[in-house]
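*Asks:* This is the structure, below, for whatever I ask next.
Numbering (the numbering used here), first residue to last: 616 to 990.
Okay, here's the thing in structure tokens:
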């Protein structure tokens with residue numbers, strides 16, 4: 616049988632729900648549907664609840680072999696045993712799902728796109744709609760309901776932090792832009808093209824690594840998460856070397872904007888090649904470069920990545936090594952401002968910025984574009 620599952624949270628954490636559908640693997644016929652509200656929970660908790668509901672439904676139908684399809688890469692990788700489960704809130708859910716999975720002769724986990732997971736996504740959204748319509752945000756009705764774990768509730772009761780009004784212990788992101796490359800020297804669009812650091816760029820990476828190694832709350836156990844491209848992985852490797860830390864974790868959501876056919880062109884060359892599109896692109900974040908990715912698409916990708924980082928690492932400090940646009944999007948998210956920030960904020964190579972995301976939904980930006988370590 617096929618199990619397709621999904622979960623979502625409107626606020627992360629916020630009103631949450633899950634959906635799961637069991638299908639006949641040969642015909643695609645729907646054999647069972649499951650959905651329910653979860654009260655206030657995170658996206659990843661909801662994703663796990665969808666998985667558990669789907670596995671349980673398949674077991675009740677007598678399935679012996681199951682292929683599980685999810686649009687949560689985090690859950691797929693964790694249940695496949697390739698990623699560690701760091702967040703304490705997710706461990707018991709993964710154990711429950713693992714117990715259900717071991718009752719089958721075989722279980723295989725596969726990632727699918729959100730568009731392909733539309734059936735389970737619809738069920739999850741219906742559960743959230745019914746929950747909010749029936750009893751507001753704090754008292755879900757119907758379906759399968761979980762209370763917010765006591766640990767999370769206690770964290771939310773911690774006194775507000777400073778002037779921000781935020782409460783709880785935040786996820787602290789140290790945002791590092793990679794060092795210099797040959798394309799950045801020539802001021803060319805550098806998106807998915809995989810270029811290495813220059814010798815000077817490697818020296819910049821070493822400088823920011825030394826800076827981070829002296830910061831309070833950072834040590835060999837601090838996770839380092841990087842974009843998959845070579846220039847960021849080299850910068851991240853300098854940081855893990857300075858910390859004597861394990862190898863960086865690669866997260867595809869941190870990759871730079873896909874500039875499509877403008878890759879490796881200068882600003883002037885792109886404007887001359889596609890004057891109308893280039894002009895619209897500069898003022899409308901929904902417009903993609905030819906064959907590339909719009910800033911609106913990057914915004915949604917980075918938002919999901921931020922949620923993954925928060926759910927995976929919880930109340931930890933995380934070193935994030937990425938590119939100019941994803942870092943701007945993370946700062947935009949923390950500031951809760953519109954897309955004009957993308958065009959008004961400058962981030963230098965090998966710069967350090969800091970953003971904190973609190974469990975009550977608040978956020979705080981502590982530092983932007985610091986390059987004092989490069990002086």
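We put the beta carbon where it would ideally sit given N, CA and C, even for glycine. Bear in mind the structure is a predicted one, so any value in this text is a computation, not a measurement.
Compute the Euclidean distance between the alpha carbons of residue 724 and residue 934, then round it to the nearest angstrom.
*Replies:* Their backbone Cα atoms lie some 29 angstroms apart in a straight line.
*Asks:* Compute the distance between the beta-carbons of residue 667 and residue 790, then report whether it is under 8 angstroms.
*Replies:* Contact flag unset, no.
*Asks:* In terms of alpha-carbon separation, which member of 989, 624, 627, 619 lies closest to residue 817?
*Replies:* Nearest C-alpha to residue 817: 989.
*Asks:* If residue 862 and residue 906 are in contact, beta carbons under 8 angstroms, what's the gap, nearest whole angstrom?
*Replies:* Not quite, the Cβ-Cβ distance comes to about 33 angstroms (not below 8 angstroms), so this is no contact.
*Asks:* Do residue 634 and residue 624 come within 8 angstroms of each other at the CB atom, strictly closer than that value?
*Replies:* Not a contact, by the Cβ cut-off of 8 angstroms.
*Asks:* Would residue 560 and residue 840 qualify as a contact pair, given that the criterion is a beta-carbon distance under 8 angstroms?
*Replies:* No statement about residue 560 is possible, as the shown extent of the chain runs from 616 to 990 and does not include it.
*Asks:* Spatial neighbours of residue 902 within its chain, please: C-beta separation below 8 angstroms, excluding the five flanking residues on both sides.
*Replies:* Excluding sequence neighbours, residue 902 sits near 892, 895, 896, 909.
*Asks:* Residue 867 lies in the beta strand (DSSP E); which residues open and close that run?
*Replies:* Counting along the chain, residue 867 falls outside any beta strand (DSSP E), and DSSP gives it neither H nor E.
*Asks:* Does the Cβ of residue 714 have 16 or more other Cβ atoms within 10 Å, making it buried, or fewer, making it exposed?
*Replies:* Label assigned to residue 714: exposed.
*Asks:* The alpha helix (DSSP H) that contains residue 660, what's its start and end?
*Replies:* It spans 658–675 - the alpha helix (DSSP H) in which residue 660 sits, taken as one unbroken run.
*Asks:* Alpha carbons only, please: which of 984, 983, 981, 974 is nearest the one belonging to residue 783?
*Replies:* If we check each option's Cα against that of residue 783, 974 comes out closest.
*Asks:* Considering only C-alpha positions, which residue in the set 976, 710, 872 is nearest to residue 806?
*Replies:* Taking only the C-alpha atoms, the option nearest residue 806 is 872.
*Asks:* Rounded to the nearest angstrom, what separates residue 856 and residue 638 at their Cα positions?
*Replies:* Whole-angstrom Cα-Cα distance: 48 angstroms.
*Asks:* In the DSSP assignment, what residue or residues form a beta bridge with residue 969?
*Replies:* Per DSSP, 789, 982.
*Asks:* Assign residue 958 to buried or exposed, taking buried as 16 or more other Cβ atoms, counted over all protein chains shown, within 10 Å of its Cβ.
*Replies:* Exposed.
*Asks:* Would you grab the beta carbon distance between residue 850 and residue 913 for me? Rounded to a whole angstrom, and I think it's under 8 angstroms.
*Replies:* In fact, because the Cβ distance is near 20 angstroms, the residues do not count as touching under 8 angstroms.
*Asks:* Can you give the beta carbon distance from residue 616 to residue 684, rounded, assuming they're within the 8 angstroms contact cut?
*Replies:* Incorrect: roughly 11 angstroms between the Cβ atoms, too far for contact.
*Asks:* Would you report the Cα separation of residue 795 and residue 883, rounded to the nearest angstrom?
*Replies:* Whole-angstrom Cα-Cα distance: 21 angstroms.
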